[in-house]
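This report concerns only the one structure given below.
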């Protein structure tokens, strides 16, 4: 068997998330169909292992997955074969032969996510699937200060969705940036960490927006982390603003 | 009866164009439903008259329409009422009481369209519905030179789709700009004129791209205009790159 790592982008708007579900259009299913066509429909079929799931409506600029097929293709032939079989809302940017020790999920060192918040007065028809909409003015400096308290290793029990099946809620957040993009009239967050819990970024974004708009004090991040109580962080920002930017395997310069 | 002019944007990706067709989701139908709800379902129903049609997949930044309703609302109340009833892929930017001489189609002096061409190596999943994709390098100066020959009053018979029902193919093109947008890796065309024939802009764009990529000489615009033969301009650029930017009624600064 030959193992391939693929790096790919998708517009999440028309997918019911990454993970296969019956009767739903998912990224994993669409990839699996293409890979099995290339592999000439082996039985059992080839599985596609992603670096992690994304929810319905969440986008990816550089998601990573791996799979094993029974014969070898050049990296470029694999990339082209996949793109010729995939719908236009997924694009394989890179395909690489890797050794069998590479695992898209277990080998990942860190991930970076971006979150885009449109500050226009109204929901822009062209951004409705690609940003969150939050028109209340926000103080960038306050959000940066509050974000500092998320950095480091913490128990994120207060910032995980109730559906999470993680054994531990302890994660390390390495970096958070908060910037205004004046050309787009957006606020853009970026989060890098060794892994994120279910809905963690969307809950942190909603929390930071509450700090930025003055509905919470900057000090609330510390207080709510310590509380270890999901009911303290009330809101979850919508899926539409979230992008998986890159998955770092410790072997490469960061993609974006 | 009270006449309102509305200025609105729409993402054309999920519409079967502007004009009402049975069993299709069209901009006109969606607007008509909202207006008749506000008008409390008069019999016969209120019609919504657009400045002109757009094809399936074509977008609008500032399309204009008018309609008459049996009672009066403030401009702001009308705008809000419409937006509260419309789906998120249409946004009413402005609603204004106008006198009964205003007609969205017949009062229009000129229209401006934009056409976006993405030059990336591959179809970007996030741009597939919002640009055309043309990766062949193009010479902007050659396209500007060729575009000059479209300016003025001409018989555009060579640049109209076969389905056109226009009585005359004579139109005046006032202005064409061709620019590179390096941040987006796009070429952006803008066309202003007193009216455009069915598919005229998409045929002109495809023609200019053939000039820009060296497949036709710059002098071909003159030759093909003179030929008055639709088979000479072979290609039509896709709907996804086209935006109605503004409709000018001679009474206002240009919107964009």
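Residue numbers (the UniProt record's numbering), protein chains in the order written: chain A, 1 to 256; chain B, 1 to 256. Glycine included, C-beta positions come from ideal geometry on N, C-alpha and C. None of the values given here were measured: they were computed from a predicted structure.
Residue i and residue j look like a contact to me (Cβ under 8 Å); what is the Cβ gap, rounded to whole Å?
i                      : j                      : result
residue 54 of chain A  : residue 197 of chain A : Not quite, the Cβ-Cβ distance comes to about 14 Å (not below 8 Å), so this is no contact.
residue 69 of chain A  : residue 143 of chain A : In fact, because the Cβ distance is near 46 Å, the residues do not count as touching under 8 Å.
residue 58 of chain B  : residue 31 of chain B  : Actually they do not touch by this definition, with Cβ atoms about 16 Å apart.
residue 78 of chain A  : residue 65 of chain A  : Between residue 65 of chain A and residue 78 of chain A the Cβ distance is about 12 Å, and since that is not below 8 Å, they are no contact.
residue 93 of chain A  : residue 195 of chain A : In fact, because the Cβ distance is near 23 Å, the residues do not count as touching under 8 Å.
residue 158 of chain B : residue 229 of chain B : 6 Å
residue 10 of chain A  : residue 125 of chain B : 6 Å
residue 109 of chain A : residue 248 of chain A : 5 Å
residue 190 of chain A : residue 172 of chain A : Their Cβ separation, rounded to whole angstroms, is 16 Å, which puts residue 190 of chain A and residue 172 of chain A out of contact at 8 Å.
residue 6 of chain A   : residue 82 of chain A  : 7 Å
residue 3 of chain A   : residue 99 of chain A  : 7 Å
residue 91 of chain B  : residue 18 of chain B  : Actually they are not in contact, since the Cβ atoms of residue 91 of chain B and residue 18 of chain B sit about 15 Å apart, beyond 8 Å.
residue 187 of chain A : residue 117 of chain A : 4 Å
residue 75 of chain B  : residue 97 of chain B  : 6 Å
Using a Cβ cut-off of 7 Å, pull out every chain B residue sitting near residue i, in sequence order please.
i                    : result
residue 9 of chain A : 125
Give the interface partners of residue i over in chain B, defined as CB-CB distance under 8 Å, in chain order.
i                     : result
residue 91 of chain A : 122, 123, 124 and 125
Can you list the residues of chain A that residue i reaches, using a CB-CB cut of under 8 Å?
i                     : result
residue 83 of chain B : 122
Mapping the DSSP letters down to three states, classify residue i as helix, strand or coil.
i                      : result
residue 220 of chain A : helix
residue 53 of chain B  : coil
residue 229 of chain A : coil
residue 196 of chain B : coil
residue 81 of chain A  : helix
residue 151 of chain B : coil
residue 14 of chain A  : helix
residue 210 of chain B : helix
residue 175 of chain A : strand
residue 256 of chain B : Low local confidence applies: a pLDDT of 43 at residue 256 of chain B is under 50, so the model's placement there is unreliable, with the coordinate-based value given in what follows. Coil, per DSSP.
residue 100 of chain B : coil
residue 7 of chain B   : strand
residue 181 of chain B : strand
residue 156 of chain A : coil
residue 62 of chain B  : strand
residue 145 of chain B : helix
residue 31 of chain A  : helix
residue 203 of chain A : helix
residue 20 of chain B  : coil
residue 107 of chain B : coil
residue 237 of chain A : coil
residue 118 of chain A : strand
residue 248 of chain A : strand
residue 68 of chain B  : strand
Exercise. Give a yes or no on contact between the stretch 137-150 of chain A and the stretch 211-222 of chain A, applying the rule of three or more CB pairs nearer than 8 Å.
Key: yes
Quiz item: At a Cβ cut of 7 Å, what residues of the stretch 86-114 of chain B count as close to chain A, listed as they run along the chain?
Solution: 88, 89, 90 and 91
Quiz item: Which of the residues in the stretch 5-36 of chain A, read from start to end, lie with their CB under 7 Å from any CB of chain B?
Solution: 9, 10 and 11
Quiz item: Any contact of the stretch 79-92 of chain B with the stretch 3-18 of chain B, i.e. 3+ C-beta pairs under 8 Å?
Solution: yes
Quiz item: At a Cβ cut of 8 Å, what residues of the stretch 126-138 of chain B count as close to chain A, listed as they run along the chain?
Solution: 126, 128 and 130
Quiz item: Quick one: any contact between the stretch 223-243 of chain A and the stretch 119-134 of chain A, if contact means 3 or more CB pairs under 8 Å?
Solution: yes
Quiz item: Is there contact here, the stretch 203-213 of chain A with the stretch 224-236 of chain A, by at least three beta-carbon pairs under 8 Å?
Solution: yes
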